[in-house]
Each structure stands twice: as C-alpha cells, then as structure tokens.
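Q: Below are the structure tokens for one structure; questions will follow.
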Ligand code: NAD
Ligand code: IPM
Ligand code: MN
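Rendered as structure tokens:
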C-alpha cells in the first residue's frame, strides 16, 4: 500500500466548502485503489490572519516542503480587504508559490460537449477547445522589486516592478515545449514585445528555447490580441505560455470557455524529482467567492479536478487521476449542475451533492 503525505489548506470563503468535496473524492480513491493519504491541515489566508496575525506561517511552509503535495482551497474576502492593511490573505498563496519555487502554473481549459449549449459563447466557437495555459508564477510584476507606496510632493505614489531574467523565462518555456510534445505540438508564447523590454526578452528566449524543440511549432502573439483570439478561435490553441500577470488575466477569460471559474483546476510545479514527480500545489483558479460563500452554491469540480492533477503530477497515480476525471465527466453527462453551470431546465444541485456524486462514480 502506497502512503502519501498531503498538506491541506482550505482557506476562506468557499475554499473549505470545495475542499471538503475534494477530500471526499480522494477518500473514495484511497479505498478503491488501496492507497493511504495522510493529511495534515493548516490554517491560511484570512483565517490565519485572525488566528495568528499572518496569512502564512513558516511552519505551514515547512510542512508543505515535507509533503508530496499541497491542496490549496482559496483565500481572501471583504473582511481583510482594507487596501492599507499590512497583511493580506493573498500573501498566503503568493508566499507558498514563491517559497516552494513553483514557477510553472498549468491551467487546462476544456469544455464537456454536454455543456457547450450552456456557454455564453457560440457552440461553433467552442468546438474542439482543449488547451493548457502555462502561467509563469514566481516572477514578473507580482514579485519584482522595488514594490512600494509612498507620499511625495506630487501626492501618493506607488511602484511595482516588471522584471524577468533569462533563466526564469527559459525554464517555464521548457515546461511548455515538453508538455506540447505530449499534445498537439504547438506552443503559443504570449508577450507584449511591442512595448515592454521584458516582452522583448520573453520573445527572444522563447524563440531560443523553441529551437531545441524543432518538432514543436512556435507562434508568438501579443497579449492584447491573444485576449481577442481566445474568444474568437480558442480551438486553435494547444499550449499557451506567458508571464505571471498576463496568465492570471487570460485564464479568468478562458474560464468562460470552460463554462465557469468553478470548472478550472490548476497545478503549480517547480523542479521535478528524477522519477518525474515533485512537490506541487494544486488549487482551483477561482477565489473565495464571497458572494456565494456559505450557501452551498459553490461548484467543487475545479477543486476536485485539481486533486486529480495532484494524483497524476505529484503522486504519479495516472489511473487514479483518470478515474476522478472520468467521474467528473460522468456527472456532467448525467446533467448534474451547480448554479454557475446550470442552463435552463438543468438539474441544479448543491456543492455537497455534486461532490458526493463524483465520489460515488470513482
Ligand atoms: P472569485 O474567483 O472568488 O469569484 C469570481 C466570480 O466567480 C464570483 O461571481 C464567484 O461567485 C464565481 N465563482 C468563483 N468560484 C466559483 C465556484 N467554485 N463555483 C461557482 N462560482 C464561482 O474572484 P473575486 O470575487 O474577484 O475574488 C474574491 C476573493 O478571492 C478576493 O479576495 C481575491 O483576492 C481572492 N482570490 C483568491 C484566489 C486564490 O486563493 N488562489 C484566487 C482568486 C481570487
Ligand atoms: C489566482 C489569483 C491570485 C493571483 C491572487 C489571489 C493573488 O487571482 O490564483 O489566479 O493573482 O495569482
Ligand atoms: Mn486569478
């Protein structure tokens, strides 16, 4: 029997609600496949600010490093939103990413055929959509220094710094090309090379890395045009690779191709071990959704699909990952819908019913 250590950080808002369902599904995987998942739970985000005064404790990071993987819910909420606050719930996710060295964030975008009719986009636009956006996760505007606010003779000022090194760009591009090799062999590198120095560096390095993968087609697109192409010809994309903030914004847009934020899982990866696995962090791309928290309306599928990515990428359990993904496909096919993905006449269920339905089908 294989034993795996998993750090569970539910967070705030709908984070704990969707996490409960992912753990339910993993419980089923344990029983069916004969594994043991040993969980440790840590308070993070706004809940940790209330309890400890910080969003992420060093103890939590240490536990993450000693685990096979981290399952992360979501953090944040109006209670902690004061723009002048010294600590923010979001420090928890940013700190995890940085301190675990998780530089590549994989965000797959797919739409089940049964959900095409319920999308805000036309069915013919959505046909064949199957892409992975790889978002650089530990560099760029989020982490560049200087980063500060100050008062001056001209009033309040603020600065964030967009900085990338050649090494940071190259390593995430390698992840993109390697993934494309297992897929349709096309990489779209997204930048703002017509304006930004970092964009020019990005394009140069992506081109150089691309030369090492002659079997993979490389195209470059400017980020503003990419935002447009994502809703105009989304099926043309295979693997998209882009810098931190562009990736953040483009994937919320891409969530509408998948039908809802509640359908978008993600995996954050750093350096791999020799066997191909590595400590990874798995989280839905959505936030704590304060507007629906506590109402049983949250769609747990993004969290459940993130757990499936964990099984595959950090635990090396491919068949188990597939079993979870197939169970999700089955409940969608059977017409179960949380409110965010419910079209007219749909069978609307709550968070727990959806989670249980997936678990039963594993
Ligand atoms: P959000 O993703 O929380 O919500 C955006 C919209 O999508 C809302 O209408 C919400 O109801 C809906 N939605 C999101 N997830 C859903 C789900 N699983 N099922 C059904 N509907 C869902 O983004 P926001 O409202 O801009 O941010 C709220 C808070 O979350 C902020 O504090 C933000 O900083 C934080 N946030 C955290 C993370 C994270 O922890 N990784 C990610 C994004 C936002
Ligand atoms: C995401 C979120 C985070 C980000 C926030 C909460 C810091 O929006 O994971 O997409 O911007 O990376
Ligand atoms: Mn985001």
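Numbering (my numbering), first residue to last: 1 to 362. For every residue, glycine included, the Cβ atom is placed at its ideal position computed from N, Cα and C.
Does any C-beta atom of chain C lie closer than 8 Å to the C-beta of residue 308?
A: Of the protein chains in the structure, only one exists, and it is not chain C.
Q: Do the region 323 to 339 and the region 289 to 308 meet, that is, are 3 or more Cβ pairs less than 8 Å apart?
A: yes
Q: To test your reading of the DSSP string, which unbroken alpha helix (DSSP H) runs of 4 or more residues are found completely within the region 316 to 358?
A: 318 to 333
Q: Does the ligand IPM have a heavy atom nearer than 7 Å to the CB of residue 291?
A: Counting from 1 along the chain shown, the entry for residue 291 is found at position 291. The answer is no for residue 291.
Q: So is the beta-carbon of residue 11 under 7 Å away from any non-hydrogen atom of the ligand IPM?
A: Here the question's residue 11 lines up with position 11 in the chain shown. Residue 11: no, Cβ never under 7 Å from the ligand IPM.
Q: Please report the residue range of the alpha helix (DSSP H) in which residue 79 lies.
A: Translated into the one-based positions of the chain shown, residue 79 becomes position 79. That residue, residue 79, is in no alpha helix (DSSP H); it is neither H nor E in DSSP.
Q: Between 139, 236, 172, 28, which lies nearest to residue 207 when the distance is taken from Cα to Cα?
A: Within the chain shown, residue 207 is the residue found at index 207, counting from 1. Comparing Cα-Cα distances from residue 207 to each of 139, 236, 172, 28, the minimum goes to 172.
Q: Sort 107, 144, 71 by Cα distance to residue 19 and report the nearest one.
A: Sequence index remark: in the chain shown, residue 19 carries index 19 (1-based). Residue 19 has its Cα closest to that of 71, out of 107, 144, 71.
Q: Tell me whether residue 111 counts as near the ligand MN, meaning its Cβ is closer than 7 Å to at least one heavy atom of that ligand.
A: Residue 111 sits at position 111 when you count from the first residue of the chain shown. No, the ligand MN has no heavy atom inside 7 Å of this Cβ.
Q: Below 7 Å, is the gap between the Cβ of residue 285 and the nearest heavy atom of the ligand MN?
A: The residue you call residue 285 lines up with position 285 of the chain shown. Yes, the beta carbon of residue 285 sits closer than 7 Å to at least one heavy atom of the ligand MN.
Q: According to DSSP, simplified to helix, strand and coil, what is residue 221?
A: Here residue 221 refers to the residue found at position 221 when the chain shown is read from its first residue. Strand.
Q: One question on the structure: do residue 144 and residue 243 come within less than 8 Å of each other, judged by their Cβ atoms?
A: To locate residue 144, count along the chain shown from 1; it is residue 144. To locate residue 243, count along the chain shown from 1; it is residue 243. For residue 144 and residue 243, no; Cβs fall outside 8 Å.
Q: Taking the alpha-carbon of residue 56 as reference, which of 78, 257, 33, 99 has the nearest alpha-carbon?
A: Stepping through the chain shown from its first residue, residue 56 is reached at position 56. The shortest Cα separation from residue 56 among 78, 257, 33, 99 belongs to 99.
Q: By a C-beta neighbour count over all protein chains shown, 10 Å radius and 16 as the cutoff for buried, is residue 3 buried or exposed?
A: Looking up residue 3 in the chain shown gives position 3. It counts as exposed.
Q: With burial defined as no fewer than 16 other Cβ atoms inside 10 Å of the residue's Cβ, what is the status of residue 84: buried or exposed?
A: Along the chain shown, read from residue 1 onward, the residue named residue 84 stands at position 84. Counting C-beta atoms within 10 angstroms of its own C-beta, residue 84 has fewer than 16 neighbours from the protein chains shown and is therefore classed as exposed.
Q: When burial is assigned at 16 or more other CB atoms within 10 Å of the CB, is residue 267 buried or exposed?
A: The residue you call residue 267 lines up with position 267 of the chain shown. Classification for residue 267: buried.
Q: Just to confirm, are residue 169 and residue 239 a CB contact at a threshold of 8 Å?
A: For the purposes of this step, residue 169 is taken as the residue at position 169 of the chain shown. For the purposes of this step, residue 239 is taken as the residue at position 239 of the chain shown. The answer is no: Cβ separation not under 8 Å.
Q: Under 7 Å Cβ to Cβ from residue 137, same chain only, skipping five residues before and after it: list those, please.
A: Numbered from its first residue, the chain shown carries residue 137 at position 137. Taken in chain order, the residues that qualify are 97, 102, 103, 104, 105, 244, 268.
Q: Compute the Euclidean distance between the alpha carbons of residue 256 and residue 116, then round it to the nearest angstrom.
A: As a position in the chain shown, residue 256 is number 256, starting the count at 1. As a position in the chain shown, residue 116 is number 116, starting the count at 1. Whole-angstrom Cα-Cα distance: 11 Å.
Q: By Cβ distance, which residues of its chain are closer than 6 Å to residue 219, with the 5 residues on each side in sequence left out?
A: On the chain shown, position 219 is the one that residue 219 refers to. Result list for residue 219: 188, in chain order.
Q: Quick one: Cα of residue 178 to Cα of residue 43, how far?
A: Within the chain shown, numbered from 1, the residue matching residue 178 stands at position 178. Within the chain shown, numbered from 1, the residue matching residue 43 stands at position 43. Each residue's Cα considered, the two are about 35 Å apart.
Q: Could you tell me the alpha carbon to alpha carbon distance between residue 157 and residue 146, rounded to whole angstroms?
A: By 1-based counting over the chain shown, the position of residue 157 is 157. By 1-based counting over the chain shown, the position of residue 146 is 146. So the two alpha carbons sit approximately 13 Å from each other.
Q: Over what stretch of residues does the beta strand (DSSP E) that includes residue 191 continue unbroken?
A: Here residue 191 refers to the residue found at position 191 when the chain shown is read from its first residue. Taken as a continuous stretch (DSSP letters only), the beta strand (DSSP E) holding residue 191 covers 186 to 191.
Q: What residue range does the beta strand (DSSP E) around residue 3 cover?
A: In the chain shown, counting from the first residue as 1, residue 3 sits at position 3. Looking at the DSSP string, the run of the beta strand (DSSP E) that includes residue 3 is 3 to 11.
Q: According to DSSP, which residues form a beta bridge with residue 295?
A: The residue labelled residue 295 in the question sits at position 295 within the chain shown. Partner(s): none; residue 295 has no beta bridge.
Q: Which partner residues of residue 149 appear in the DSSP bridge assignment?
A: On the chain shown, residue 149 is found 149 positions in, with the first residue counted as 1. According to DSSP, residue 149 bridges with 158.
Q: Does the separation of the CB atoms of residue 15 and residue 288 fall below 8 Å?
A: Taking the chain shown and counting its residues from 1, the one referred to as residue 15 is at position 15. Taking the chain shown and counting its residues from 1, the one referred to as residue 288 is at position 288. Against a cut-off of 8 Å, the Cβ pair of residue 288 and residue 15 comes out as a contact.
Q: Which of helix, strand or coil does DSSP assign to residue 52?
A: In the chain shown, the residue the question calls residue 52 occupies position 52. The answer is helix: DSSP assigns residue 52 an H, G or I state.
Q: Can you have a look at residue 359 and say buried or exposed, based on whether 16 or more other CB atoms are within 10 angstroms of its CB?
A: Here residue 359 is taken as the residue at index 359 of the chain shown, counted from 1. It is buried - the Cβ of residue 359 has at least 16 other Cβ atoms within 10 Å.
Q: Consult DSSP for residue 34 and reduce its assignment to one of helix, strand or coil.
A: Taking the chain shown and counting its residues from 1, one reaches residue 34 at position 34. Reduced to three states, the DSSP call for residue 34 is coil.
Q: Starting from residue 71, follow the beta strand (DSSP E) in both directions and report where the run begins and ends.
A: Within the chain shown, the letter at position 71 stands for residue 71. Start and end: 69 to 74.
Q: Out of 167, 129, 334, state which residue places its alpha-carbon closest to the alpha-carbon of residue 198.
A: Taking the first residue of the chain shown as position 1, residue 198 is located at position 198. Selected option, being the one with the closest Cα: 167.
Q: Going by DSSP, which residues form a beta bridge with residue 239?
A: Taking the first residue of the chain shown as position 1, residue 239 is located at position 239. For residue 239, which the question treats as bridged, DSSP gives the partners 132, 187.
Q: Under 7 Å: does the beta carbon of residue 121 sit that close to some heavy atom of the ligand IPM?
A: The residue labelled residue 121 in the question sits at position 121 within the chain shown. No - the ligand IPM has no heavy atom lying nearer than 7 Å to the Cβ of residue 121.
Q: Measuring CA to CA, which of 9, 258, 13 is closest to residue 113?
A: Within the chain shown, the letter at position 113 stands for residue 113. When each option's Cα is compared against that of residue 113, the closest is 258.
Q: Between residue 89 and residue 77, how many whole angstroms is the CB-CB distance? I'm expecting something under 8 Å.
A: Taking the chain shown and counting its residues from 1, the one referred to as residue 89 is at position 89. Taking the chain shown and counting its residues from 1, the one referred to as residue 77 is at position 77. About 7 Å; that satisfies the 8 Å criterion.
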